[in-house]
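Colleague: Pasting in a structure now, in structure tokens, and then I'll have a few things to ask.
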Amino acid sequence: MKILAWVVRLALFLVVLTFSIRNTDLVTVKWLPGLEVQVQLVVALLTALLLGAVFAWVSLLPSWLKAKRSASVATKNAERLERELAQFRAQGNLPVPLEEPTPVLPIGPSHGI
Numbered sequence: 000m001k002i003l004a005w006v007v008r009l010a011l012f013l014v015v016l017t018f019s020i021r022n023t024d025l026v027t028v029k030w031l032p033g034l035e036v037q038v039q040l041v042v043a044l045l046t047a048l049l050l051g052a053v054f055a056w057v058s059l060l061p062s063w064l065k066a067k068r069s070a071s072v073a074t075k076n077a078e079r080l081e082r083e084l085a086q087f088r089a090q091g092n093l094p095v096p097l098e099e100p101t102p103v104l105p106i107g108p109s110h111g112i
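FYI, in numbering that gives the first Met the number 0 the residues of the sequence shown are 0 to 112.
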């Protein structure tokens, strides 16, 4: 699996290298009125790609942190329940398994049939 990862990395590097060698033309990047910068095409494109990746990372950060916090809370609850179960077993007070409730058919309006 590591070899496959390195093959993919090498292929990606070669694609980016070939792209950067072939696209060395100067382009004008216009920001605000009166603010223009001339850079190589590959620099402009890779900068835009990098800014997009940073923006995506920043926009996903809150949901990642929320998921991490939820996982941490769930882990702590599971550990607490495991400790309580171990205490019950040590005391000989095994929890009584609950019986499965019998399913009840829903009572709906009569259709007049």
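For every residue, glycine included, the Cβ atom is placed at its ideal position computed from N, Cα and C.
Predicted model only: the values in this text are computed from it and were never measured.
Assuming SER58 and VAL41 form a contact by the criterion Cβ under 8 angstroms, report the distance between their Cβ atoms to the nearest whole angstrom.
Modeller: Start at 1 with the first residue of the sequence shown, and residue 58 comes out as number 59. Start at 1 with the first residue of the sequence shown, and residue 41 comes out as number 42. Actually they do not touch by this definition, with Cβ atoms about 26 angstroms apart.
Colleague: Specify the secondary structure class of THR23 as computed by DSSP and reduced to three states.
Modeller: Counting from 1 along the sequence shown, the entry for residue 23 is found at position 24. Here THR23 sits in coil by DSSP.
Colleague: Which runs of the beta strand (DSSP E), 3 residues or longer, sit entirely within the region 1-57?
Modeller: Listed in chain order, the complete beta strand (DSSP E) runs (minimum 3 residues) inside the region 1-57 are 25-29, 35-39.
Colleague: Are the beta-carbon atoms belonging to THR27 and GLU35 less than 8 angstroms from one another?
Modeller: Mapped onto the sequence shown, residue 27 falls at position 28. Mapped onto the sequence shown, residue 35 falls at position 36. Yes; because the gap between Cβ atoms is below 8 angstroms, this pair is in contact.
Colleague: If LEU25 and GLN39 are in contact, beta carbons under 8 angstroms, what's the gap, nearest whole angstrom?
Modeller: On the sequence shown, position 26 is the one that residue 25 refers to. On the sequence shown, position 40 is the one that residue 39 refers to. Yes, LEU25 and GLN39 are in contact; Cβ-Cβ is about 6 angstroms, under 8 angstroms.
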